[in-house]
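Chains A and B, in that order, give the protein sequences. To convert a position in the first sequence, counted from 1, into this note's numbering, add 5. To convert a position in the second sequence, counted from 1, into this note's numbering, add 5. Even glycine gets a Cβ: it sits at the ideal position worked out from N, Cα and C.
Protein chains: 2
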Amino acid sequence: MKNVAELPIGMFDSGVGGLTVLKALRQRMPCEDVIYLGDTARLPYGTKSPQTVTRYGVQCGAELVSRGIKLLVVACNTASAMALSALREAYPDVPVIGVVEPGARAACSVTKNGSIAVVATESTIAGGAYQRAIHSISPAARIVGHPCSLFVALAEEGWIDGDVPEAVAARYLDPVFNPASGAVDPVIPDTLVLGCTHFPLLAPAIRKVTPPETVIVDSAATTAETVFEELTLLELIRPGSGCGTTAYLTTDDAPRFARTGTRFLGTPITENEVELVDL
Amino acid sequence: MKNVAELPIGMFDSGVGGLTVLKALRQRMPCEDVIYLGDTARLPYGTKSPQTVTRYGVQCGAELVSRGIKLLVVACNTASAMALSALREAYPDVPVIGVVEPGARAACSVTKNGSIAVVATESTIAGGAYQRAIHSISPAARIVGHPCSLFVALAEEGWIDGDVPEAVAARYLDPVFNPASGAVDPVIPDTLVLGCTHFPLLAPAIRKVTPPETVIVDSAATTAETVFEELTLLELIRPGSGCGTTAYLTTDDAPRFARTGTRFLGTPITENEVELVDL
């Protein structure tokens, strides 16, 4: 029987956005093997109901657990916000780590004025998971949650610079960071959480419409750190050195996964590395 | 047994976009009953593979056929482009009408210079269904197919006027309608087909970036006319007068369906008119 520490880490997202988390994990733990599943047949999760996202999330978890993993990373904010407890209940023997709590932790550690803005998908904001996670760490924090669904489509389309993403970012974020003078609440957030794994690609456009002192936080690096701490605690860090492998699974259109995934991962994914699965 | 002419027309789309077709159908045939299914749990179809779209389309067809319908309208360009023959094979007793062929027919009847642009989702353009449908009517037509995936997200978000949709439309369409001087092919299309049921909402923004003489064609009205002709031919027009009823089915989040659907239909849909179904 394979030693548990030798097993891969499982990771899933609704699509390719979670590859920004994989990239951070690879940098923090280059020796680990990873199986990444993108549920592209049913993306996006961000406009769907908690019931549907939970069902999809548990199905993704089942696929990865059936292949033998030592830890499960929910590399999708929407699924982290909605399906985490269902996943922990369904797979009690596998530690499950989401991206919301690490993102909330990072935000609380950098804010100076206690005012934090969170941009995410419609479902993540409506569900209130970030608000709860931040308040459980900093009960006095002031939180502005703002759904920015179009950022997902922009990142998927590869329109990450130029006029369009800046115009979209301004339309979403001006009410938060540049409110009309005389607006009721003058405490401009000093911290902005990118609460969707697609959004780091749009950070340059977002940066242009936020005040220069705003700290932009994404949960990828903090999540990778959390995974490292958890595996260390459980004594499940993969022994030895050398490069870990990555297996890619997708529920639809392997060539498209490879093409758009390359943009998110920052290094090439080839079509024949991607396995099509049916959930 | 209910007379076949008394049965409703079934209609499906990946989401709420097909309600633009329902609107046209209601105007042409106010007496007919309609069952409309929006597969919102799995939208969008436009970035998915032919295999997946076909599977989803046949499942939508099964749900509607099981409820008793006299004709099936595929009110989604992507599904029309990919799943029509599979649907006809699966349900040989029910006439199946898509939106691609009516749209192609409308374009061929209005173009004067034989140059037609088609904007649609990535999958619809890549599959070539519009190109084939237009060429089967006008073999000499010159066709420019252009994927415009972000239009779907804009329409869903309700951003149908202002700077952002115009900037998006310009980025997509300037290469087609305002090519750099000295470009190889100078025959600017005089006809633009909106090959996605979401796009009619963005017609005002699209209009601003196309030359004034461009005719913008959407397939909703032509599809309604095709349904009328088919039912007349089959002697299945519903007898009598008065208003037909509409039943709404959705695979996810009835309140969201009602909210966004109202925008596409142009008349209110209330949450309790929408039935949640599991495919």
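In the three-state scheme derived from DSSP, where H, G and I count as helix and E and B as strand, residue 145 of chain B is classed as coil. When Cβ-Cβ separations below 8 Å define contact, residue 76 of chain B makes no contact with chain A. Contact note: residue 257 of chain A reaches chain B through 53, 54 and 57, using a C-beta cutoff of 7 Å and chain order.
Taking the CA atoms as reference points, residue 51 of chain A sits about 32 Å from residue 90 of chain B. Going by DSSP, residue 182 of chain A is part of the alpha helix (DSSP H) stretching over 168-182.
Less than 8 Å divides the Cβ of residue 119 of chain B from the Cβ of residue 143 of chain B. Residues of the same chain with a CB within less than 6 Å of the CB of residue 259 of chain B, apart from the 5 flanking positions on each side, are 276, 279 and 281 in chain order. When C-alpha distances from residue 45 of chain A are compared across A:88, A:28, A:18 and A:231, the shortest belongs to A:18. Separation of the CB atoms of residue 29 of chain A and residue 225 of chain A is rounded to 4 Å, and the pair is thereby assigned contact status at 8 Å. Nearest to residue 203 of chain B by alpha-carbon distance, out of B:21, B:39, B:138 and B:57, is B:21. In the DSSP assignment, residue 157 of chain A forms no beta bridge with any residue. Of all residues in the segment 149-164 of chain B, only 154, 155, 157, 158, 159, 161, 162 and 164 come within less than 8 Å of chain A when Cβ atoms are compared, listed by chain position.
Beta-bridge partners assigned by DSSP to residue 103 of chain B: B:79. Secondary structure of residue 192 of chain B (DSSP, three-state): coil. Interface annotation, residue 173 of chain A: in contact with chain B, CB-CB separation under 8 Å. The beta-bridge partner set that DSSP reports for residue 198 of chain B consists of B:123 and B:222. With contacts defined as CB atoms closer than 8 Å, residue 54 of chain B and residue 257 of chain A qualify as a contacting pair. The Cβ of residue 181 of chain A sits no closer than 8 Å to any Cβ of chain B. Close to residue 47 of chain A, with beta-carbon spacing below 7 Å, are these residues of chain B in chain order: 47. In the structure shown, the three-state DSSP call for residue 48 of chain B is coil. For the pair residue 40 of chain B and residue 109 of chain B, the Cα-to-Cα distance works out to about 26 Å. In the structure shown, the three-state DSSP call for residue 272 of chain A is coil.
Secondary structure note for residue 40 of chain B: its beta strand (DSSP E) is the uninterrupted segment 39-43. With a 10 Å radius around the Cβ and a threshold of 16 neighbouring Cβ atoms, residue 82 of chain A comes out buried. At least one CB of chain A lies nearer than 8 Å to the CB of residue 168 of chain B. When the beta-carbon positions are compared, residue 74 of chain B and residue 13 of chain B come within less than 8 Å of each other. The Cβ-Cβ distance between residue 135 of chain A and residue 232 of chain A does not fall below 8 Å. Comparing alpha-carbon positions, the option among A:37, A:171 and A:47 lying closest to residue 214 of chain A turns out to be A:171. Residue 105 of chain A and residue 16 of chain A have their C-alpha atoms spaced approximately 15 Å apart.
Secondary structure note for residue 30 of chain B: its alpha helix (DSSP H) is the uninterrupted segment 24-33.
Residue pairing of residue 257 of chain B in beta bridges, as defined by DSSP: absent, with no partner found. Proximity of residue 147 of chain A to chain B, defined by a Cβ-Cβ separation below 8 Å, is not satisfied. Membership of residue 14 of chain A in the beta strand (DSSP E) is indicated by the continuous run 14-18. Assigned with DSSP and collapsed to three states, residue 279 of chain B falls in strand. Counting the other CB atoms within 10 Å of its CB gives residue 192 of chain A a total below 16, which places it among the exposed residues. At a Cβ-Cβ threshold of 8 Å, residue 201 of chain B and residue 269 of chain B do not count as neighbours.
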